[in-house]
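Asker: Before I ask anything, here is the structure I am working with.
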Amino acid sequence: MGGIGLPRRMTGRDDGSEIVNLESRIAELEDELRETQARLRDREGMLHALSEHANDLTYILDRDTRFTYVSPSICNLTEYEAEEIMAADPGGIFHVDDLPIILTAIEEALKSPGEAVAIPDHRIRHRDLRWLYFEGSAVSMPDVPGVNGVVFNCHNITERKHQEETIYRQANYDPLTKLPNRLMFADRLTTALMRGAREKNCVGLLFIDLDGFKKVNDTLGHGAGDELLKVVAQRLSDCVRQDDTISRLGGDEFTVILPNIHGPGAAEIVAKKILERVSEVITLGENEVYISGSIGITIFPDDAEDEETLIQHADTAMYEAKSAGRRTYKFFTSQMNRAAIEKLELETELRTAIEREEFDIRFQPIIDLASGAITGAEALVRWNHPKRGLTSPDVFISLAEEQGLIVAIGEWVIRAACAEVGRWREAGFGQLRMAINVSPRQCQEPSFDTRVAEILDEMDIPAGSITLEITESLFIEGAHEDAVAALHNCRNKGSHLSLDDFGTGYSSLSYLKRFPVDVLKIDRAFVNDIVTSAEDRALCQGIVAMAHAFNVKVVGEGVETEDHAAVLRELACDRAQGYLIAKPLSSDEFSAFLSSWDGVPA
Ligand code: C2E
Ligand code: MG
Ligand code: MG
């Protein structure tokens with residue numbers, strides 16, 4: 079506010095009237111002054127009120143980051159008294175990590191007075207210890223009297239920050255276990271490898287897959303499955319240090335990044351700890367559940383130097399741990415890599431094998447042990463691999479199952495087997511039955527039964543000419559209701575059902591009650607030792623007795639010697655299949671075999 083200027087004429091010589099005029103003028107000016115002061119007070123009050131209710135705040139910090147002024151709004155937002163803020167250390171009000179931002183702003187503002195310096199987001203403490211986020215600008219005003227320092231003008235962006243955090247969490251964390259997800263895992267792995275390379279340290283990568291999780295999900299429901307995953311996530315967290323990263327990639331797959339280790343030993347210790355912790359009983363409601371984990375381990379930079387290869391290696395090693403019987407860990411080895419590459423090649427070649435007509439089929443005779451008469455044959459698929467030559471189904475069936483290719487291959491086998499039955503019928507051997515192996519995956523396919531019926535119809539073969547061979551794994555993998563129903567339908571139409579490889583799986587005869595079959599095949603592992611091992615003989619005897627009680631015929635597989643055949647006959651086993659009678663034969667060889675067979679094993 080400027081001083082009161084005297085009118086020019088008042089500077090002239092004094093007389094009485096001029097004094098009177100002067101006095102009244104002074105009174106007028108005093109009135110004006112009072113009015114101005116009142117207006118200023120009002121304005122100040124309004125500014126105060128506005129500031130108090132504003133979301134923005136103004137404060138002044140001196141060179142030593144001490145508050146010299148705080149706007150009322152800061153008290154409102156933080157619930158601190160102005161005096162408390164003014165008396166506090168800057169570290170008591172600002173987040174210590176953000177202090178450099180404030181210091182830099184002060185420095186910059188002092189360097190160029192009058193110019194606003196932008197301040198990125200920084201945190202100010204609320205009385206209840208939460209953090210509020212602000213951003214704004216700072217300006218130094220050395221010419222304005224009373225402003226002792228740098229003026230900060232900031233607005234509250236806490237809500238926006240929280241929204242950003244929520245979006246970030248949703249994008250980077252698994253909502254169920256709250257662990258980092260695949261995206262965050264990839265990010266952390268990249269960081270870990272960069273740091274490992276810089277500091278010349280190793281990085282361990284563990285891939286963990288739970289064993290038996292599907293069973294919990296299927297039997298106790300998804301709610302229980304989710305609970306279990308949460309418990310496992312917690313247990314995994316208990317096994318690692320703070321700067322290790324555990325992620326859930328999806329389903330029951332977890333990973334652990336050990337960012338700073340000296341070698342494989344440290345990864346092994348963590349893997350052991352995890353296996354132990356995960357195997358402890360888990361209580362889900364009223365159920366006590368036991369599961370375990372299979373872990374694949376790979377080490378940077380020994381096994382690979384890039385993320386993608388490391389991930390692949392850890393995955394390969396994890397599968398290796400699964401095949402080694404689960405509940406164990408395996409380090410990646412270059413040999414595994416060769417096997418994995420070979421598997422991948424085989425998988426690619428298998429995809430085109432049908433089109434290229436590379437499959438072939440062999441028929442192995444089955445005879446009646448009492449009479450020696452041929453009762454039929456088993457169709458056994460072969461792959462005429464362009465490089466490997468005639469390849470055994472043991473090499474490619476499980477791969478075909480994994481890839482779902484078994485459905486197409488299986489259908490090709492059914493056709494080829496039926497074509498052979500057609501030839502038998504023409505040659506007057508219409509009474510023989512053809513046993514065809516069927517994978518669980520194949521009969522789980524919708525309308526498997528209709529498909530079989532169509533093929534039989536198309537090839538004009540009676541349903542009674544074929545036996546479908548299934549394995550116990552169909553039940554172990556959680557009997558697929560539709561698959562069981564489809565197989566029953568086939569049986570109702572006259573085809574037989576046979577339970578293959580009996581004795582190798584869980585071998586529960588209770589399956590026979592739930593799932594009526596016509597034939598049971600004792601696995602060759604038992605037949606092999608039937609002469610020398612009293613236990614195996616007793617086992618076969620038990621199987622035969624019980625099967626007969628269910629009206630089920632028994633075939634001994636892998637009959638290689640006269641002695642095998644003799645013992646099986648003694649145990650009242652009905653039929654035999656094996657090298658003693660014949661190896662799997664081509665169609666022509668089988669025709670020749672049929673005409674030469676005189677009922678006596680050669
Ligand atoms: P499997 O169904 O138990 O077939 C019997 C296997 O034992 C055949 O092996 C046969 O060659 C072999 N074998 C027969 N007699 C003897 C013997 O006296 N001694 C010995 N050591 N072995 C004997 P192969 O042909 O290699 O087939 C292996 C398995 O592959 C089969 O076991 C079956 O589970 C599967 N498989 C074969 N063909 C098919 C198919 O078309 N579809 C499906 N899903 N699986 C098939
Ligand atoms: Mg079989
Ligand atoms: Mg078998």
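If you count by my numbering, then the sequence shown holds residues 79 to 680, one letter each, in order.
Each residue gets a CB set at the ideal place from its N, CA and C atoms; glycine is no exception.
Being a predicted model, the structure only gives us computed values, none of them experimental.
Measuring only from the beta carbon, is Asp296 closer than 8 Å to any heavy atom that is part of ligand 1?
Answerer: No, ligand 1 has no heavy atom inside 8 Å of this Cβ.
Asker: Taking 8 Å as the cut-off, is the CB of Glu635 close to at least one heavy atom of ligand 3?
Answerer: Yes, ligand 3 has a heavy atom inside 8 Å of this Cβ.
Asker: Hey, how far is the Cα of Leu139 from the Cα of Asp322?
Answerer: Each residue's alpha carbon lies about 40 Å from the other.
Asker: For Thr469, which residues does DSSP report across the bridge?
Answerer: For Thr469, which the question treats as bridged, DSSP gives the partners Trp461.
Asker: When you compare only the Cα positions, how much space is there between Met88 and Asp109?
Answerer: At Met88 the pLDDT is 46, less than 50, meaning the model places this residue with poor confidence; the figure from the coordinates comes in the next sentence. Between Met88 and Asp109, the C-alpha separation is close to 19 Å.
Asker: Is it right to say Ile245 is buried, meaning 16 or more other beta carbons lie within 10 angstroms of its own, or is it exposed?
Answerer: By the neighbour-count rule (16 or more Cβ atoms within 10 Å), Ile245 is not buried but exposed.
Asker: Quick one: does the C-beta of Asp579 sit closer than 8 Å to a heavy atom of ligand 1?
Answerer: Yes, the beta carbon of Asp579 sits closer than 8 Å to at least one heavy atom of ligand 1.
Asker: Would Thr333 and Ile286 qualify as a contact pair, given that the criterion is a beta-carbon distance under 9 Å?
Answerer: Yes; because the gap between Cβ atoms is below 9 Å, this pair is in contact.
Asker: Is Glu436 near ligand 1 - that is, is its Cβ less than 8 Å away from at least one heavy atom of it?
Answerer: Not under cutoff, so the answer is no.
Asker: Enumerate in chain order the residues of its own chain whose CB-to-CB distance from Glu425 is below 7 Å, with the five nearest sequence positions on each side excluded.
Answerer: Same-chain partners within the cutoff: Leu477, Gln481.
Asker: Any heavy atom of ligand 2 within a distance shorter than 8 Å of the CB on Ala654?
Answerer: The answer is no for Ala654.
Asker: For Gly542, name the three-state secondary structure that DSSP assigns.
Answerer: Looking at Gly542 - three-state DSSP - the assignment turns out to be helix.
Asker: Measuring CB to CB, does Leu267 end up less than 9 Å from Ile352?
Answerer: No; because the gap between Cβ atoms is not below 9 Å, this pair is not in contact.
Asker: Could you tell me whether the Cβ atoms of Leu318 and Ile377 are closer together than 9 Å?
Answerer: The sequence shown places Val at residue 318, not Leu. No.
Asker: Report the option in Ala564, Ala623, Gly328 whose CA atom is closest to the CA atom of Leu552.
Answerer: When each option's Cα is compared against that of Leu552, the closest is Ala564.
Asker: Suppose you measure from the CA of Asp289 to the CA of Arg503; what does that come to, to the nearest Å?
Answerer: Between Asp289 and Arg503, the C-alpha separation is close to 48 Å.
Asker: Return yes when the Cβ of Ala302 is within less than 9 Å of the Cβ of Gly363, no when it is not.
Answerer: Contact: yes.
Asker: Quick check on Ser665: does DSSP put it in helix, strand or coil?
Answerer: It is helical.
Asker: Under DSSP, the beta strand (DSSP E) around Gln619 begins and ends at which residues?
Answerer: Run containing Gln619: none in the beta strand (DSSP E); it sits in the alpha helix (DSSP H), 612-627.
Asker: Kindly indicate which residue of Arg569, Pro337, Ser372, Ile339 has the alpha-carbon position closest to the one of Glu354.
Answerer: For the residues Arg569, Pro337, Ser372, Ile339, the minimum Cα distance to Glu354 belongs to Ser372.
Asker: For Tyr158, count the other beta carbons within 10 Å of its own beta carbon; 16 or more makes it buried, fewer makes it exposed. Which is it?
Answerer: Label assigned to Tyr158: buried.
Asker: Can you tell me whether Val530 is buried or exposed? The criterion is at least 16 other CB atoms within 10 Å of its CB, across all chains shown.
Answerer: Burial call: buried.
Asker: At a cut of 8 Å, does the region 530-543 reach the region 588-601 through at least three beta carbon pairs?
Answerer: No, the region 530-543 does not touch the region 588-601.
Asker: Measuring alpha carbon to alpha carbon, tell me which residue in Phe409, Val499, Gly488, Thr430 is nearest Phe441.
Answerer: Comparing Cα-Cα distances from Phe441 to each of Phe409, Val499, Gly488, Thr430, the minimum goes to Val499.
Asker: In chain order, what residues of the same chain lie with their CB nearer than 7 Å to the CB of Arg569, ignoring the 5 residues before and after it?
Answerer: Excluding sequence neighbours, Arg569 sits near Leu575.
Asker: When the distance is taken between beta carbons, is His200 closer than 9 Å to Ile757?
Answerer: Nothing about residue 757 can be reported from this structure: the residues present for the chain run from 79 to 680 only.
Asker: Can you grab the Cα-Cα spacing for the pair His558 / Gln522, in whole Å?
Answerer: Those two C-alpha atoms are separated by around 7 Å.
Asker: Restricting to runs no shorter than 3 residues, where is the beta strand (DSSP E) found entirely within the region 283-334?
Answerer: Entirely contained in the region 283-334, the beta strand (DSSP E) runs reaching 3 residues are, in chain order, 323-328.
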